[in-house]
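Trainee: Residue numbers (my numbering): 11 to 312.
The following block contains the structure, expressed as structure tokens.
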Amino acid sequence: MTNGQVIGIDLGGTAIKLARFDHRGALLAELEVATPQPAVPGAVTMALCDAVERLDPSGEAPMVGVGLPGPMDAAARVARVCINLPGWEDVPLADWLEVRLQRRVTLANDGNCAVVGEAWGGAARGFSDVVLLTLGTGVGGGVLLGGQLFTGHNGAAAEPGLIGVDPDGPACNSGNRGSLEQFASIAALRRLSDRDPRALSQAAAAGEPAALEVWERYGARLGVGLSSLVYVFTPQLVLLGGGLAGAACHFLPAVRREVEQRVQAVSREGLRIEACALGNGAGRLGAARLALLRLGGMMADD
């Protein structure tokens, strides 16, 4: 088992969040930088390298885990596709970063990183069957089954934001129509209100009926999609993370009500639906954890 340091990175459509941790997950340093626009692979690679060197100029962390909004190959070296980032198809990001950083690198889906982070140091500790959704520019997610990360036979499983909710709904960058992402992302919320999420949350906190109604409609749609996921995985815990989860108190009641109405009691027995405990920090912590497990020889129960 390694006793060294590790860097975890959460690459999003608008921001790159980085942190340096010790092998027990204690935060040592953190940094957030804007994602280059357009977020093409070359520009993002250079931005990642610059940010890592700023975060750890002395090279104390020899391992880097990177969470990306899309599926990786089974070897966790190639970003297969990131549907909300331009030009991201079969990008060998781990190879590119290793050459420039002279550090070992592993890649993972950002939703997988978030659920691993919550299991290591957040709301999913002690749970073996967990579904997590990240609500932001897109809707990603991750699944733990029997305490193990579920990624499927080729590493591309568990994309809950891409399940179908409405066959006649808005087009999705994935090629689907009416996917859950089209009803639960930031863009979806903007279709319900012309106010940004922060202002809408503040208005709801002040008791404004119009804002409360928007969050009610948002939560109901999210609950419809979540009901399908509950039927498939019958988790003990559903966690909601990402940028919109900060307003969870305004839409969680509608989500829970929709799931209760749509899912048979036997399939939701003991189910809890909660906001992530680590907020936007879950992804970078989980990316670091996966780097320790894959590259540092750490055992899963360490």
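Glycine residues also receive a C-beta, built at the ideal position from the N, C-alpha and C atoms.
As the structure is a prediction and not an experimental result, all values here were calculated from the model.
Tell me whether Asn94 is buried or exposed, calling it buried when 16 or more other Cβ atoms sit within 10 Å of its Cβ.
Mentor: Locating residue 94 in the sequence shown gives position 84, where the first residue counts as 1. Asn94 should be labelled buried.
Trainee: Among Gln271, Asp206, Ser211, Arg110, which one has its Cα closest to the Cα of Phe230?
Mentor: Position 220 of the sequence shown, counting from 1, holds the residue named residue 230. The amino acid occupying residue 230 in the given sequence is Ala; Phe does not appear at that position. Closest option to Ala230, Cα to Cα, is Gln271.
Trainee: For Ala215, count the other beta carbons within 10 Å of its own beta carbon; 16 or more makes it buried, fewer makes it exposed. Which is it?
Mentor: Here the question's residue 215 lines up with position 205 in the sequence shown. Label assigned to Ala215: exposed.
Trainee: Does the Cβ of Met11 have 16 or more other Cβ atoms within 10 Å, making it buried, or fewer, making it exposed?
Mentor: On the sequence shown, position 1 is the one that residue 11 refers to. With a pLDDT of 45 at Met11, under the threshold of 50, the modelled position of this residue cannot be trusted; read the value that follows with caution. Looking at its Cβ environment, which holds fewer than 16 other Cβ atoms inside 10 Å, Met11 is exposed.
Trainee: With H, G and I counted as helix, E and B as strand and the rest as coil, what does DSSP make of Met11?
Mentor: Reading the sequence shown from its first residue, position 1 is the one you call residue 11. Model confidence at Met11 stands at a pLDDT of 45, short of 50, so the residue's coordinates are unreliable and nothing is read from them.
Trainee: Using 8 Å for Cβ pairs, my map puts Gly151 next to Ala168. What's the rounded Cβ distance?
Mentor: The residue labelled residue 151 in the question sits at position 141 within the sequence shown. The residue labelled residue 168 in the question sits at position 158 within the sequence shown. The pair is a contact, with the Cβ atoms about 6 Å apart (cut-off 8 Å).
Trainee: Let me know the secondary structure DSSP gives Asn355 once reduced to three states.
Mentor: Given a span of 11 to 312 for the chain in the structure shown, any question on residue 355 remains unanswerable.
Trainee: Who does Arg135 pair with in a DSSP beta bridge?
Mentor: The sequence position of residue 135 within the sequence shown is 125, counting from 1. According to DSSP, which records beta bridges pairwise, Arg135 is partnered with nothing at all.
Trainee: Starting from the C-beta of Val141, find all residues in its chain whose C-beta is less than 6 Å away, skip the five residues before and the five after it, and write them out in chain order.
Mentor: For this step, residue 141 is matched to residue 131 along the sequence shown. The answer, listed in chain order, is Val153, Leu239, Phe243, Pro245, Val248.
Trainee: With a 10 Å radius around its C-beta and 16 neighbouring C-beta atoms as the bar for buried, classify Ala194 as buried or exposed.
Mentor: By one-based count along the sequence shown, residue 194 stands at place 184. So Ala194 ends up on the buried side.
Trainee: Measure the CB-CB distance between Leu232 and Leu143 and report whether it falls below 9 Å.
Mentor: Residue 232 sits at position 222 when you count from the first residue of the sequence shown. Residue 143 sits at position 133 when you count from the first residue of the sequence shown. Cβ atoms of Leu232 and Leu143: closer than 9 Å.
Trainee: Cβ atoms of Thr45 and Val74: under 9 Å apart, would you say?
Mentor: Taking the first residue of the sequence shown as position 1, residue 74 is located at position 64. Taking the first residue of the sequence shown as position 1, residue 45 is located at position 35. Not a contact, by the Cβ cut-off of 9 Å.
Trainee: Would you mind reading off the limits of the alpha helix (DSSP H) that contains Ile173?
Mentor: The count along the sequence shown starts at 1 and reaches residue 173 at position 163. Premise fails: Ile173 is in no alpha helix (DSSP H) and is neither H nor E.
Trainee: Determine, using beta carbons only, whether Leu58 and Leu41 come nearer to each other than 9 Å.
Mentor: Reading the sequence shown from its first residue, position 48 is the one you call residue 58. Reading the sequence shown from its first residue, position 31 is the one you call residue 41. Contact flag unset, no.
Trainee: I'd like the span of the beta strand (DSSP E) that includes Ala285, first residue to last.
Mentor: Taking the sequence shown and counting its residues from 1, one reaches residue 285 at position 275. 282-285 is the span of the beta strand (DSSP E), which, as asked, contains Ala285.
Trainee: Among the candidates Pro72, Asp100, Ala71, Gly69, whose CA atom is the shortest distance from the CA of Asp83?
Mentor: Here residue 83 refers to the residue found at position 73 when the sequence shown is read from its first residue. Answer by Cα proximity: Asp100.
Trainee: Quick check: what's the CA-CA separation for Gly146 versus Gln112?
Mentor: Start at 1 with the first residue of the sequence shown, and residue 146 comes out as number 136. Start at 1 with the first residue of the sequence shown, and residue 112 comes out as number 102. Going by the C-alpha atoms only, they are around 32 Å apart.
Trainee: If contacts are defined as beta-carbon pairs under 8 Å, then Arg304 and Ala86 qualify, I think. What distance do you get, rounded to the angstrom?
Mentor: As a first step, residue 304 must be located in the sequence shown, where it is residue number 294. As a first step, residue 86 must be located in the sequence shown, where it is residue number 76. Rounded, the Cβ-Cβ distance is 7 Å, consistent with contact.
Trainee: Using the three-state DSSP reduction, which class does Arg87 fall into: helix, strand or coil?
Mentor: Taking the sequence shown and counting its residues from 1, the one referred to as residue 87 is at position 77. Arg87: coil per DSSP, three-state reduction.
Trainee: Assuming Arg278 and Val269 make a contact with CB atoms under 8 Å, what is their CB distance in whole Å?
Mentor: Within the sequence shown, numbered from 1, the residue matching residue 278 stands at position 268. Within the sequence shown, numbered from 1, the residue matching residue 269 stands at position 259. With a Cβ gap of about 6 Å, Arg278 and Val269 count as contacting.
Trainee: What's the call for Ala181, buried or exposed, on a 16-neighbour Cβ count within 10 Å?
Mentor: As a position in the sequence shown, residue 181 is number 171, starting the count at 1. Ala181 comes out exposed.
Trainee: Let me know the secondary structure DSSP gives Gln158 once reduced to three states.
Mentor: As a first step, residue 158 is located in the sequence shown; it is residue number 148 there, counting from the start. Of the three classes helix, strand and coil, the one that applies to Gln158 here is strand, per DSSP.
Trainee: Indicate whether Arg187 and Gly174 have their beta-carbon atoms separated by less than 9 Å.
Mentor: Counted from its first residue, the sequence shown places residue 187 at position 177. Counted from its first residue, the sequence shown places residue 174 at position 164. Yes. Within cutoff.
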